[in-house]
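Here's the structure we're looking at; comments come further down.
Residue numbers (the numbering used here): 1 to 433.
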C-alpha cells in the first residue's frame with residue numbers, strides 16, 4: 001500500500017506543477033527533485049549531485065542526434081513544393097477508388113510520415129494542399145477534415161518516428177527494430193482509414209463527387225512522386241539494410257533533401273534559415289523534455305517505485321487483457337492533456353517495468369504506446385492535430401474533433417487488433433533480424 005501512496009504522491013506533484021503552467025521540461029526536473037527530497041528523504045545536496053550526473057549522461061546519448069536531423073528534414077520538405085507534387089502525383093491513383101481523392105489525405109500522410117517523423121508536420125504539410133482542394137471540389141467537409149486529422153497521426157507510427165526514438169532511448173531497445181515494428185501497424189491503420197472512406201462513399205456517393213478525367217497520367221504521376229519515394233528509399237534503405245544507424249541515416253536524409261531542393265532550385269538562404277530556426281525550436285523542446293525525463297526515471301528508481309509498483313500490480317493477478325485495458329484508458333486520459341513526447345517520458349518509468357513483468361515484448365509495447373499517443377493527437381482539449389487543422393481550415397475545434405471521432409474509433413480497433421495479433425508488430429523485426 002505504501003508504494004501506491006508514493007505513486008499517487010508523485011502523480012499529484014506532476015499534475016499540480018504542470019497545472020500551474022510550468023514548462024514541461026522544468027516541471028519534470030522539479031518533480032524529480034521534490035520526489036527525492038520529500039518522498040525519498042534524500043538530502044538536497046545529494047539529490048543535486050545525483051541529478052547533475054544524469055543530465056550529463058542523458059545529454060550525451062548518441063541516439064538523440066537523430067531527432068534534430070529528422071526534424072530538419074521535415075522542415076526543409078515542408079517549405080518546398082513537394083507536398084503539392086505529392087497531391088498531384090497521388091490524384092490519378094485515387095480518382096477511381098470509391099471516395100476519390102479523399103484518399104490523398106491517407107496516402108499522402110503515410111508517404112510523408114516516412115520522411116518526417118512528426119505528426120504535426122505531416123498534418124500541416126499534406127493539409128496545406130488537400131484541405132482547400134477538397135473543399136473547392138465539393139467533397140464532404142467533415143470527412144475531409146477528419147481523415148486528415150486521423151491520417152496525420154501516422155507521422156508518429158510510420159518510421160522514422162520521433163516518439164519511437166524517444167521510446168527507444170528510454171526503454172533501451174533497438175531503434176532500428178522499433179522502426180521495423182511500426183511499419184505493418186502503420187499500414188494497418190492506413191488500410192482501416194481507406195476502407196472506412198470507401199465504405200462511406202459506397203453508402204453515400206454524394207460525399208465524393210465525380211471527377212473529370214485527370215490531365216496527369218499514372219505514369220506521369222510517378223515523376224511527381226519521385227522526390228518523396230527517393231527520400232523514403234534512401235533513409236529507410238540505409239536503416240533496414242544495416243548500412244547506417246538511425247542517426248546516421250537521418251544525416252544522409254538531410255543531405256539528400258538539401259541536394260534534391262538544390263537540384264530543383266528550391267533551396268534559398270531564407271528557406272534554409274527558417275528551417276534551421278524551426279528545427280532549433282522543436283528539437284530543443286524535445287531533447288530538453290527527454291533529458292529531464294531521465295531525471296524523473298532516476299528519481300523513480302531511487303524510490304523503488306517502478307519495481308515495487310510492478311510487483312504490487314502483479315500481486316493483483318490481473319489478466320493481460322485487463323492490464324492492457326487499464327493502460328489504454330490511462331494513456332487515453334493522459335492524451336486529453338499532454339503531448340505525445342511528454343506522455344511517453346513521464347509514464348514510461350512506471351508502466352514499462354509493469355509491462356515487462358507481465359511478459360509483454362518491449363518492442364510490441366512501443367508500438368502499442370505510439371498508437372495510444374496517436375489517439376491523443378485527435379482528442380480535445382490538447383490534440384495537436386486539431387490545432388493544426390484549425391489553423392488550416394478556420395473551423396471550430398468542436399467541429400474538427402467531431403469529424404475526427406470515427407478515425408479515433410478506427411485507431412482503437414487497430415490497437416485491439418495489435419493486442420490480439422501481436423505478430424503484426426513483431427513479424428517484420430524478427431524476419432529481418
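For each residue, glycine too, the CB sits at the ideal point set by N, CA and C.
Looking from the CA of residue 118, the closest CA among 165, 428, 194 and 91 belongs to 165. Taking a contact to require three or more Cβ pairs closer than 8 angstroms, the stretch 133-145 and the stretch 159-177 do not qualify as touching. C-alpha of residue 98 to C-alpha of residue 425: approximately 29 angstroms in a straight line. Within the same chain, and ignoring the five residues on either side of residue 68 in sequence, the residues whose Cβ sits closer than 7 angstroms to its Cβ are 279 and 283. Between residue 153 and residue 385, the C-beta gap is smaller than 9 angstroms, which places the two residues in contact. About 32 angstroms separates the beta carbon of residue 236 from that of residue 353, a gap too long to meet the 8 angstroms contact definition. In this structure, the beta-carbon distance from residue 106 to residue 193 falls below 9 angstroms. One Cα belongs to residue 150, the other to residue 17, and the distance between them is close to 31 angstroms.
Under the DSSP assignment, residue 360 falls outside any alpha helix (DSSP H); it carries neither an H nor an E label. In the structure shown, residue 135 adopts helical secondary structure according to DSSP, grouped into three states. In this structure, 91 is the residue among 75, 328, 46 and 91 with its C-alpha nearest to the C-alpha of residue 225. Ranking 395, 320, 304 and 360 by CA distance to the CA of residue 141 puts 395 first. By the Cβ-count criterion, residue 351 is buried, with 16 or more other Cβ atoms from all chains shown falling within 10 Å of its own Cβ. Residues of the same chain with a CB within less than 6 angstroms of the CB of residue 14, apart from the 5 flanking positions on each side, are 31 in chain order. Secondary structure of residue 166 (DSSP, three-state): helix. Taken atom to atom, the span from the alpha-carbon of residue 10 to that of residue 35 is near 7 angstroms.
In the three-state DSSP reduction, residue 395 falls in the coil class, being neither helix nor strand. Inside the stretch 220-306, DSSP marks whole alpha helix (DSSP H) runs of 4 or more residues at positions 246-263 and 269-302, from first to last along the chain. For residue 129, the closest alpha carbon among the candidates 33, 144 and 116 is that of 144. Ranked by Cα distance from residue 232, the options 109, 263 and 328 are led by 109. Scanning its chain for C-beta atoms nearer than 7 angstroms, with the 5 sequence neighbours on each side dropped, one finds around residue 84 the residues 129, in chain order.
Per DSSP, residue 60 is not a residue of any alpha helix (DSSP H), being assigned neither H nor E. Burial is judged here by how many other beta carbons sit within 10 angstroms of a residue's own beta carbon; residue 320 has fewer than 16 and is exposed. Under the three-pair Cβ rule at 8 angstroms, the stretch 44-57 does not count as touching the stretch 237-246. Per DSSP, the unbroken alpha helix (DSSP H) holding residue 87 starts and ends at 82-94.
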